Amino acid sequence: MQLATWNVNSLGVRLPHVLEWLAEHPVDVLALQELKLPDEKFPAEALREAGYHAVWLGQKTYNGVALLSRAEPQDVVRHIPGFPDEQSRAIAATYPLPDGSTVRVVGCYFPNGQAPGSDKFAYKMRWLDALHRWVQEELTRHPQLALMGDYNITFDDADVWDPDGLRETIHCTTEERQHLQRLVALGLHDAHRLFEQPPKSYSWWDYRMLGFQKNRGLRIDHILVTDALKARATGCTIDRAPRKKPQPSDHAPVVLTLG
DNA sequence: ATGCCTTGCTTAGCAAGA
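Residue numbers (my numbering): 18 to 276.
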């Protein structure tokens with residue numbers, strides 16, 4: 018049983034990569050971010066042919082999230098309830114597990130935030146507040162929950178290729194990291210850190226300046242899990258292989274394996 | 001560094017990403 022998350026930076030461009038990756042890695046649930054296409058252009062048929070159900074929340078040009086799954090999704094929620102948002106950033110669904118229990122999957126594309134002090138940063142903070150309230154409420158009903166996606170926040174310096182040069186810049190500010198810790202304090206665990214990882218493990222690399230080749234990256238794509246899922250987790254990896262292909266997304270998939 | 005890439009929208013140059 019595997020859950021994965023991947024910011025594809027345009028599903029229109031990256032659909033072949035997604036299909037190839039799923040053929041090699043037939044995960045049970047794949048959360049996608051940055052679809053960059055409206056609902057009516059979502060490639061549901063191609064994904065169905067690949068054996069995947071899909072639920073999605075599209076948006077023209079920007080944002081957009083989806084959940085692909087082997088099993089049929091239940092109790093689908095689009096957008097953070099009680100947080101009217103013109104930007105399509107959140108989707109949730111429930112899936113059956115082989116033992117008869119269920120897993121609640123919340124897939125999110127957190128706002129970038131641009132720079133501390135900007136309007137976009139203020140929106141990021143409001144969005145994070147709303148997400149916290151929503152996840153807290155979801156946890157009352159779902160002991161097995163995974164919150165995964167492009168968080169656009171690093172946990173600490175170990176997630177940053179140049180922590181001194183990027184100190185208190187976007188993705189690395191104390192304020193953003195405090196929000197991330199508030200989510201953790203709800204009783205969640207960073208799945209990546211549950212396991213031994215290679216040094217300098219990142220999930221995003223800038224397209225410019227040979228960022229990937231020099232491993233100048235950030236770990237900003239995360240899977241947070243509840244105690245019950247932590248107990249079942251047997252591995253969590255970042256798959257750098259798709260980042261090496263021609264015309265890649267700037268993000269790599271993150272994969273959680275559950276026993 | 002004011003950009004460096006990439007994408008979408010619109011059709012050459014922005015906006016936005018991170």
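Don't be surprised by glycine CBs; every beta carbon is placed ideally from N, CA and C. For clarity, every value in this text was computed on a predicted model and none was experimentally measured.
As a quick exercise: from the options, pick the residue whose alpha carbon is nearest that of residue i.
{"i": "leucine 114", "options": "Val272, Arg249, Ile237, Phe138", "result": "Arg249"}
{"i": "alanine 71", "options": "Tyr79, Val94, Lys77, Thr78", "result": "Val94"}
{"i": "methionine 18", "options": "Pro215, Arg87, Ile170", "result": "Arg87"}
{"i": "glycine 276", "options": "Ala245, Lys262, Pro259, Pro263", "result": "Ala245"}
{"i": "proline 259", "options": "Ser27, Glu37, Gly29", "result": "Glu37"}
{"i": "valine 271", "options": "Gln214, Arg143, Arg65, Thr191", "result": "Gln214"}
{"i": "isoleucine 187", "options": "Arg158, Phe172, Leu49, Ile255", "result": "Phe172"}
{"i": "asparagine 169", "options": "His96, Ala147, Ala48, His239", "result": "His239"}
{"i": "glutamine 230", "options": "Pro265, His206, Leu205", "result": "Pro265"}
{"i": "valine 120", "options": "Arg184, Tyr69, Pro160, Asp181", "result": "Pro160"}
{"i": "glycine 234", "options": "Phe127, Glu41, Cys189, Pro133", "result": "Cys189"}
Beta carbon of residue i, beta carbon of residue j: below 8 angstroms?
{"i": "cysteine 253", "j": "leucine 197", "result": "no"}
{"i": "asparagine 232", "j": "tyrosine 219", "result": "yes"}
{"i": "valine 242", "j": "alanine 175", "result": "no"}
{"i": "proline 55", "j": "glycine 29", "result": "no"}
{"i": "glycine 204", "j": "leucine 156", "result": "yes"}
{"i": "alanine 147", "j": "phenylalanine 100", "result": "yes"}
{"i": "tyrosine 69", "j": "leucine 39", "result": "yes"}
Assuming residue i and residue j form a contact by the criterion Cβ under 8 angstroms, report the distance between their Cβ atoms to the nearest whole angstrom.
{"i": "arginine 106", "j": "valine 82", "result": "6 angstroms"}
{"i": "asparagine 26", "j": "glutamate 62", "result": "Between glutamate 62 and asparagine 26 the Cβ distance is about 22 angstroms, and since that is not below 8 angstroms, they are no contact."}
{"i": "histidine 268", "j": "asparagine 80", "result": "Actually they are not in contact, since the Cβ atoms of histidine 268 and asparagine 80 sit about 14 angstroms apart, beyond 8 angstroms."}
{"i": "leucine 20", "j": "methionine 165", "result": "7 angstroms"}
{"i": "threonine 111", "j": "glutamine 91", "result": "4 angstroms"}
What three-state label does DSSP hand residue i in the structure shown?
{"i": "arginine 121", "result": "strand"}
{"i": "proline 259", "result": "helix"}
{"i": "aspartate 167", "result": "strand"}
{"i": "proline 113", "result": "strand"}
{"i": "glutamine 230", "result": "coil"}
{"i": "histidine 239", "result": "strand"}
{"i": "glycine 29", "result": "helix"}
### Task
Would you mind listing the alpha helix (DSSP H) stretches within the stretch 37–104 that are 4+ residues and don't spill past its ends, in chain order?
Assignment of alpha helix (DSSP H) within the stretch 37–104, counting only whole runs of 4 or more residues, yields 61–66 in chain order.
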